[in-house]
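Undergrad: Yeah, the sequence shown ends on 433 if you go by the UniProt record's numbering, and it's all consecutive.
Structure provided below as structure tokens; questions to follow.
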Amino acid sequence: MKLYNIKQPSEQVTFTQALLQGLGKNQGLFFPKDLPKFSIFEINSLLEMSFIERSTHILSTYIGSELSKNSILTCVKNAFNFPVPLVCINNNVAILELFHGPTLAFKDFGSRLMAQMLNQTNHCSDKPMVILTATSGDTGAAVAHAFFNLSNIHVIILYPRGKISALQEKLFCTLGGNISTISVNGDFDSCQRLVKKAFDDSVLRQKLNLNSANSINIGRLLAQICYYFEGVSQLPHQMRNKLVIAVPSGNFGNLTAGLLAQSCGLPVKKFIAATNINDTVPRFLEFGYWEPRPTLSTFSNAMDVSSPNNWSRIEELFRRENKSIKELEYGCVNDFLTEKTVQEIADLGYLSEPHTAVAYRLLCDKLHSDEFGICLGTAHPVKFKELVEDFLKKKIQLILPIVLKERMKLPVLSFKIPKCFSSLRNLILSIMS
Ligand SMILES: *Cc1c(COP(=O)(O)O)cnc(C)c1O
Numbered sequence: 001m002k003l004y005n006i007k008q009p010s011e012q013v014t015f016t017q018a019l020l021q022g023l024g025k026n027q028g029l030f031f032p033k034d035l036p037k038f039s040i041f042e043i044n045s046l047l048e049m050s051f052i053e054r055s056t057h058i059l060s061t062y063i064g065s066e067l068s069k070n071s072i073l074t075c076v077k078n079a080f081n082f083p084v085p086l087v088c089i090n091n092n093v094a095i096l097e098l099f100h101g102p103t104l105a106f107k108d109f110g111s112r113l114m115a116q117m118l119n120q121t122n123h124c125s126d127k128p129m130v131i132l133t134a135t136s137g138d139t140g141a142a143v144a145h146a147f148f149n150l151s152n153i154h155v156i157i158l159y160p161r162g163k164i165s166a167l168q169e170k171l172f173c174t175l176g177g178n179i180s181t182i183s184v185n186g187d188f189d190s191c192q193r194l195v196k197k198a199f200d201d202s203v204l205r206q207k208l209n210l211n212s213a214n215s216i217n218i219g220r221l222l223a224q225i226c227y228y229f230e231g232v233s234q235l236p237h238q239m240r241n242k243l244v245i246a247v248p249s250g251n252f253g254n255l256t257a258g259l260l261a262q263s264c265g266l267p268v269k270k271f272i273a274a275t276n277i278n279d280t281v282p283r284f285l286e287f288g289y290w291e292p293r294p295t296l297s298t299f300s301n302a303m304d305v306s307s308p309n310n311w312s313r314i315e316e317l318f319r320r321e322n323k324s325i326k327e328l329e330y331g332c333v334n335d336f337l338t339e340k341t342v343q344e345i346a347d348l349g350y351l352s353e354p355h356t357a358v359a360y361r362l363l364c365d366k367l368h369s370d371e372f373g374i375c376l377g378t379a380h381p382v383k384f385k386e387l388v389e390d391f392l393k394k395k396i397q398l399i400l401p402i403v404l405k406e407r408m409k410l411p412v413l414s415f416k417i418p419k420c421f422s423s424l425r426n427l428i429l430s431i432m433s
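Right, here's the structure in full:
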């Protein structure tokens, strides 16, 4: 698989290089040079396969000969070892539950597959590999758990202090070992800026083999293509051609993966890009100018992103496919409506949480009567238990898996820094010395 840097197309890399490197020059994202296309016949046969078999097939079509089909199968088996149910909540809407992995959010898919693939590719380098990542909450947990105890890989995770829930923090800041965590006095976008600066820093580049496990890494994106296929495979046949998928979006990796799935032939009529009031993309699609504003804290905190990284990939995909970006549906949902929507979904007998509710709201508002809607369920409601209980004004019967319960008792091991690059650089150098 060949990929090019969107900002500097002359920079071309293999899949393995993109996997190891994360980001290209000038902070450009890598994008596949060839976009696989499955025929209708192939799509139908893919949709008949099991999740593991199908995912292996899709991934090896993208990746090509760099990884053998057998090693891809091993990665997929190790990474995707939890269920992905599609749950109908009324006659024309279903929720694709992507939160049954070890950290209870969809990011387990991408992080676990990426960790497995990095483990398979021989990184023959004398410098230690450091995975440097910013998180708005869920990435950190997923990445930390996916890489915990893998040999020769150190993970450093930045997150905005006080802007993630106690449970989110405990999930990934208590592991120790090859996982270091840093709380930054700033918001997610400032963490993301610090990470990008680190990738451009010559001192760090010289001493360390820096990599990112953010959704900028192509390995994560490819993983996510697989569950869109799984969702469609669980739908009755006649629904396939009237399918609308709503994606709760922050950094827009999830939507990018959905659009890639559509581009290789998955029958999806329409995607809805759903955000909270951090609405840079909806405003762009409405008015045509890109104007990020300061990031605001919301109930759906993993989507509190105002400069979404993956947007350039979405534009590139539409350009490559000669399609107009106007084909995307979009909208934003404020906290008040998010709360109302969690209540509305509970009235249907289904417990949701703020991220899923944002997408559900827009799906219901935009779905025509002859269409069928899938809303991506990106986080387990138990992760937002207090908030959801507050919305519903009652206690809910959800309990944390026992391993997570034990984890809640452990101390947070994070370093603290101001949002200043030299502090980050010094800390990384001291952690790795
Ligand atoms: C990360 C996250 C999102 C946003 O996904 P992107 O790929 O960044 O757009 C939505 N919901 C939850 C629960 C998340 O953790």
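Glycine included, C-beta positions come from ideal geometry on N, C-alpha and C.
Return the chain-ordered list of same chain residues with a C-beta closer than 6 angstroms to the C-beta of I164, the five sequence neighbours on each side being excluded.
TA: Contacts found: G137.
Undergrad: State the DSSP-derived secondary structure class of V382, mapped to helix, strand or coil.
TA: If DSSP states are grouped into helix, strand and coil, V382 belongs with the helices.
Undergrad: For the putative contact between G373 and L363, defined by C-beta atoms under 8 angstroms, what is the C-beta separation to the nearest angstrom?
TA: The pair is a contact, with the Cβ atoms about 5 angstroms apart (cut-off 8 angstroms).
Undergrad: For a test of the three-state rule: what should DSSP assign to P160, helix, strand or coil?
TA: Note: P160 maps to strand in three-state DSSP.
Undergrad: Quick one: what's got a C-beta closer than 7 angstroms to K69's C-beta in the same chain, skipping five residues either side?
TA: Excluding residues within five positions, the ones whose Cβ falls inside 7 angstroms are T56 and S60.
Undergrad: For L260, I'd like the list of residues in its chain whose CB is within less than 6 angstroms of its CB, leaving aside the five on either flank, ordered along the chain.
TA: Same-chain partners within the cutoff: I225.
Undergrad: From which residue to which residue does the alpha helix (DSSP H) around Y62 run?
TA: Per DSSP, Y62 belongs to the alpha helix (DSSP H) from F51 to I63.
Undergrad: Starting from L150 and walking both ways along the alpha helix (DSSP H), at which residues does that stretch end?
TA: Run containing L150: none; DSSP gives neither H nor E here.
Undergrad: Any heavy atom of ligand 1 inside 7 angstroms of the beta-carbon of T378?
TA: Yes, ligand 1 has a heavy atom inside 7 angstroms of this Cβ.
Undergrad: Give the list of continuous beta strand (DSSP E) stretches no shorter than 3 residues that lie fully inside the segment 78-111.
TA: Whole beta strand (DSSP E) segments, 3+ residues: 86-88 and 93-97.
Undergrad: Which partner residues of Q17 appear in the DSSP bridge assignment?
TA: BP columns for Q17 are empty, so no partner.
Undergrad: Taking 7 angstroms as the line, does the beta carbon of S68 fall inside it for any heavy atom of ligand 1?
TA: No.
Undergrad: Kindly indicate which three-state DSSP category N26 falls into: helix, strand or coil?
TA: In the structure shown, N26 sits in a helix (DSSP, three-state: H, G or I).
Undergrad: Could you check what DSSP says for A213 in three-state terms: helix, strand or coil?
TA: Coil.
Undergrad: Classify V195 as helix, strand or coil using the three-state DSSP reduction.
TA: If DSSP states are grouped into helix, strand and coil, V195 belongs with the helices.
Undergrad: If R233 and M303 are in contact, beta carbons under 8 angstroms, what's the gap, nearest whole angstrom?
TA: The sequence shown places Ser at residue 233, rather than the Arg named in the question. The pair is not a contact, with the Cβ atoms about 27 angstroms apart (cut-off 8 angstroms).
Undergrad: According to DSSP, is Q397 part of a helix, a strand, or is it coil?
TA: It is coil, neither helix nor strand.
Undergrad: Let me check you understand the geometry: is the CB of L317 closer than 7 angstroms to at least one non-hydrogen atom of ligand 1?
TA: Result no, Cβ not under 7 angstroms from ligand 1.
Undergrad: Under 8 angstroms, do S212 and G22 count as touching if we go by C-beta distance?
TA: In contact: S212 and G22 (Cβ atoms closer than 8 angstroms).
Undergrad: Which residue's Cα is closest to the Cα of I52: F41, A79 and I63?
TA: Cα-wise, what sits closest to I52 is A79.
Undergrad: Identify the continuous alpha helix (DSSP H) that holds T275 and give its terminal residues.
TA: That residue, T275, is in no alpha helix (DSSP H); its beta strand (DSSP E) goes K270 to T275.
Undergrad: Quick check on the DSSP output: the beta strand (DSSP E) that includes E329 runs from which residue to which?
TA: Where E329 is concerned, the enclosing beta strand (DSSP E) stretches over E329 to C332.
Undergrad: When every heavy atom of ligand 1 is checked, does at least one fall within less than 7 angstroms of the C-beta of P102?
TA: Because no heavy atom of ligand 1 lies under 7 angstroms away, the Cβ of P102 does not count as near it: no.
Undergrad: Under 8 angstroms, do P381 and L351 count as touching if we go by C-beta distance?
TA: Taking 8 angstroms as the Cβ cut-off, P381 and L351 qualify as a contacting pair.
Undergrad: Output yes or no for whether 8 angstroms exceeds the beta carbon distance between L167 and K2.
TA: Taking 8 angstroms as the Cβ cut-off, L167 and K2 do not qualify as a contacting pair.
Undergrad: Which residues does DSSP list as the beta-bridge partners of V247?
TA: DSSP, once it has assigned bridges, lists A273 as partnering V247.
Undergrad: Counting along the chain, where does the alpha helix (DSSP H) carrying K2 start and finish?
TA: That residue, K2, is in no alpha helix (DSSP H); its beta strand (DSSP E) goes K2 to N5.
Undergrad: For L243, I'd like the list of residues in its chain whose CB is within less than 6 angstroms of its CB, leaving aside the five on either flank, ordered along the chain.
TA: Closer than 6 angstroms at the Cβ level, and outside the excluded window around L243, lie V268, K269 and F372.
Undergrad: H355: beta carbon under 7 angstroms from a heavy atom of ligand 1?
TA: Yes.
Undergrad: So the alpha helix (DSSP H) G219 belongs to, where does it begin and stop?
TA: From DSSP, the alpha helix (DSSP H) with G219 extends over I218 to S233.
Undergrad: Could you give the C-beta distance for V342 and A357, rounded to a whole number, given that I count them as a contact under 8 angstroms?
TA: With a Cβ gap of about 5 angstroms, V342 and A357 count as contacting.
Undergrad: For Y62, count the other beta carbons within 10 Å of its own beta carbon; 16 or more makes it buried, fewer makes it exposed. Which is it?
TA: It counts as buried.
Undergrad: Please state if the CB of K385 and the CB of I396 are separated by a distance shorter than 8 angstroms.
TA: Taking 8 angstroms as the Cβ cut-off, I396 and K385 qualify as a contacting pair.
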